[in-house]
Ligand code: SAM
Ligand code: SF4
Ligand code: SF4
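Residue numbers (the working numbering): 6 to 376.
This is the structure:
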């Protein structure tokens with residue numbers, strides 16, 4: 006019988022209790038971290054489960070039938086999520102992205118969307134409310150999500166060739182169903198739609214041009230993401246990363262592009278327009294070009310741990326405050342103090358950091374805190 010290697014350290018255990026500071030940090034919408042970066046974007050993971058097993062995110066060997074997902078009682082309820090999100094909005098958050106795991110697996114998600122859609126920014130405006138999904142359930146859910154107040158969706162799709170796509174999601178899921186999901190989202194008015202493609206050199210880089218040709222002129226913005234060293238289970242290697250500069254060069258040979266200015270500070274994608282005016286694409290160069298300098302994103306895990314960086318090894322436990330009777334003012338102070346102490350900039354430091362040893366603290370998995 007072959008022996009399976011199970012990771013010994015569960016990164017979810019690394020957490021520190023969030024505490025209410027002696028000095029109140031009132032929400033003014035002007036919060037800055039230790040490097041002067043504001044807090045604008047909150048990504049909320051609503052489940053740690055997924056119906057795909059993308060090898061770069063939830064490899065089958067680790068996320069198998071014995072994997073211990075969080076029990077339902079550990080998950081923040083919709084009311085708890087909405088309460089925390091309201092406090093974040095008071096601190097200056099303008100954008101909320103629901104993610105996972107696969108967010109559409111969370112039962113009755115449209116109820117949460119409805120609650121979040123009622124929140125307002127410090128300027129009294131609705132929040133920019135969006136969701137990242139693998140698209141597998143969109144044909145069923147797009148209309149209800151739109152009716153609940155969701156503005157847009159980002160769909161992940163790693164190729165158009167059915168064989169390549171089925172191998173990437175590793176559960177034999179057909180590409181046609183994701184394409185149907187994208188169409189359903191478009192028909193429901195969940196746009197402008199973005200499509201995210203993670204590029205793994207040697208695995209799906211032959212899909213770059215077919216994907217670009219397919220979405221060019223449709224109003225859908227295709228974004229190519231460099232395969233990242235998130236988590237500790239995907240066996241990441243630098244030689245499987247296709248640098249965005251090289252990807253742009255490959256595209257340019259067939260589809261001339263011109264660079265566009267960023268629309269907002271802290272934007273992760275570098276934008277390019279087709280020279281013939283038929284739309285735009287983006288590249289997210291998380292590995293070759295760090296964008297930590299204006300990173301304004303916080304991440305809330307499914308069970309209420311606050312992460313300050315995608316590559317964090319430790320979360321701040323907000324759930325014990327939420328369930329321990331903390332007032333909104335106390336919760337705001339705790340979150341404010343945590344953000345004020347933030348100095349994370351992993352991507353900038355990546356090259357000078359020692360490689361992960363597998364001992365001690367492990368980086369948190371993307372399926373746990375979301376992308
Ligand atoms: N299940 C949903 C989905 O796939 O869209 C939402 C969660 S998923 C973790 C969010 C995004 O992270 C997806 O676009 C996915 O492709 C991306 N992602 C996951 N692992 C990655 C990695 N190692 N490098 C780059 N992007 C990754
Ligand atoms: Fe699931 Fe999304 Fe991770 Fe793929 S990237 S395994 S769809 S959570
Ligand atoms: Fe932000 Fe961390 Fe990514 Fe840098 S590495 S951009 S700080 S999430």
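Every residue, glycine too, gets a C-beta built ideally from N, C-alpha and C. Since we're looking at a predicted model, the values are computed, not measured.
Taking the alpha-carbon positions, what's the residue i to residue j distance?
| i | j | result |
| --- | --- | --- |
| residue 80 | residue 24 | 20 Å |
| residue 149 | residue 115 | 7 Å |
| residue 317 | residue 139 | 24 Å |
| residue 248 | residue 292 | 8 Å |
| residue 371 | residue 282 | 35 Å |
| residue 314 | residue 153 | 30 Å |
| residue 100 | residue 192 | 23 Å |
| residue 270 | residue 137 | 21 Å |
| residue 199 | residue 227 | 6 Å |
| residue 342 | residue 183 | 41 Å |
| residue 144 | residue 166 | 20 Å |
| residue 21 | residue 40 | 22 Å |
| residue 238 | residue 368 | 9 Å |
| residue 67 | residue 76 | 18 Å |
| residue 196 | residue 52 | 24 Å |
| residue 326 | residue 93 | 15 Å |
| residue 302 | residue 120 | 21 Å |
| residue 91 | residue 141 | 30 Å |
| residue 112 | residue 263 | 43 Å |
| residue 127 | residue 33 | 8 Å |
| residue 213 | residue 204 | 8 Å |
| residue 107 | residue 74 | 13 Å |
| residue 86 | residue 353 | 31 Å |
| residue 156 | residue 102 | 10 Å |
| residue 104 | residue 294 | 24 Å |
| residue 178 | residue 70 | 18 Å |
| residue 328 | residue 340 | 15 Å |
| residue 88 | residue 347 | 22 Å |
For residue i, report the span of its beta strand (DSSP E) as first-last.
| i | result |
| --- | --- |
| residue 198 | Element bounds for residue 198: n/a, residue is neither H nor E. |
| residue 285 | 285-289 |
| residue 254 | Careful: residue 254 lies outside any beta strand (DSSP E), inside the alpha helix (DSSP H) at 249-259. |
| residue 311 | 310-312 |
Is DSSP giving residue i helix, strand or coil here?
| i | result |
| --- | --- |
| residue 371 | helix |
| residue 69 | coil |
| residue 275 | strand |
| residue 109 | helix |
| residue 265 | coil |
| residue 98 | coil |
| residue 226 | strand |
| residue 189 | helix |
| residue 25 | coil |
| residue 90 | helix |
How is the alpha helix (DSSP H) around residue i delimited, first residue to last?
| i | result |
| --- | --- |
| residue 114 | 114-122 |
| residue 296 | No alpha helix (DSSP H) holds residue 296; DSSP gives it neither H nor E. |
| residue 21 | Taken as a continuous stretch (DSSP letters only), residue 21 belongs to no alpha helix (DSSP H), being part of the beta strand (DSSP E) at 20-22. |
| residue 242 | No alpha helix (DSSP H) holds residue 242; DSSP gives it neither H nor E. |
| residue 213 | 213-220 |
Can you check the region 316-363 for any beta strand (DSSP E) of at least 3 residues that lies completely inside it and give the ranges in chain order? Taken in chain order, the unbroken stretches of beta strand (DSSP E) that lie wholly in the region 316-363 and span 3 residues or more are 320-322.
Should the region 172-190 be regarded as contacting the region 58-73, the criterion being three or more beta carbon pairs within less than 8 Å? Output reads yes: the region 58-73 touches the region 172-190.
Which residue spans inside the region 124-185 form an unbroken beta strand (DSSP E) run of at least 3? DSSP runs (the beta strand (DSSP E)) wholly in the region 124-185: 133-138, 157-161.
Would you be able to state if there are at least three C-beta pairs under 8 Å between the region 275-289 and the region 333-342? With the cut-off at 8 Å, the region 333-342 and the region 275-289 do not touch.
Segments of 3+ residues assigned as beta strand (DSSP E) that fall wholly inside the region 33-79: The beta strand (DSSP E) runs of length 3 or more contained entirely in the region 33-79 are, from start to end of the chain, 46-50.
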